[in-house]
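Residue numbers (our numbering): 627 to 774.
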């Protein structure tokens, strides 16, 4: 399942932009024609996952999604009334529609994100997850070399 990247991180990446598979609509900019071509926000979702669903549609059309790493956004997260009321239903709907794609995202993103998250707090590493992350990093690095 998607998660918030770099949540509670002290350092901003050194590069000005990073490519991501999905971003929150709280600070999303998308051309109106593309938004309309993708069908906008799917109203089957109730106050959650509609933005990630839209990102999956955008990626499926061959577009890339970037984050401006030096941007600063003040956003009150999850304070909308009933924000978590439909989480289970939204999660189930999202998984039914996008697991075939998001499992690929996770295979590429989870390991470096996990290792970076706990790099400063190494004592919090789960040994089994640390080993899995290291193995995934090797596989991803190997696949990248083979493609180049």
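Glycine is no exception: its CB is placed at the ideal position from the N, C-alpha and C atoms.
Close-in-space but distant-in-sequence residues of the same chain around residue i (CB under 8 Å, 5 per side omitted)
i	result
residue 649	677, 681, 691, 693
Assigned exposure category for residue i - 16 Cβ within 10 Å defines buried
i	result
residue 716	buried
residue 765	exposed
residue 684	buried
Inter-residue Cα distance where the pair is residue i and residue j
i	j	result
residue 727	residue 733	10 Å
residue 673	residue 711	8 Å
residue 688	residue 654	18 Å
residue 749	residue 735	22 Å
residue 666	residue 731	22 Å
residue 663	residue 713	26 Å
residue 656	residue 644	16 Å
residue 679	residue 762	26 Å
residue 707	residue 646	28 Å
Residues near residue i in its chain [Cβ-Cβ closer than 6 Å; skip 5 each side]
i	result
residue 699	653
residue 701	652
Residue nearest to residue i in terms of C-alpha spacing, selected from the options
i	options	result
residue 686	739, 724, 762	724
residue 637	696, 666, 707, 737	696
residue 704	740, 736, 662, 651	651
residue 669	640, 720, 701	720
residue 639	742, 752, 753, 671	742
Residue i beta carbon near the ligand SAH (any heavy atom closer than 7 Å)
i	result
residue 698	With respect to the ligand SAH, the structure offers nothing, as it holds no ligand at all.
Contact under 8 Å by Cβ, residue i with residue j
i	j	result
residue 737	residue 759	yes
residue 755	residue 740	yes
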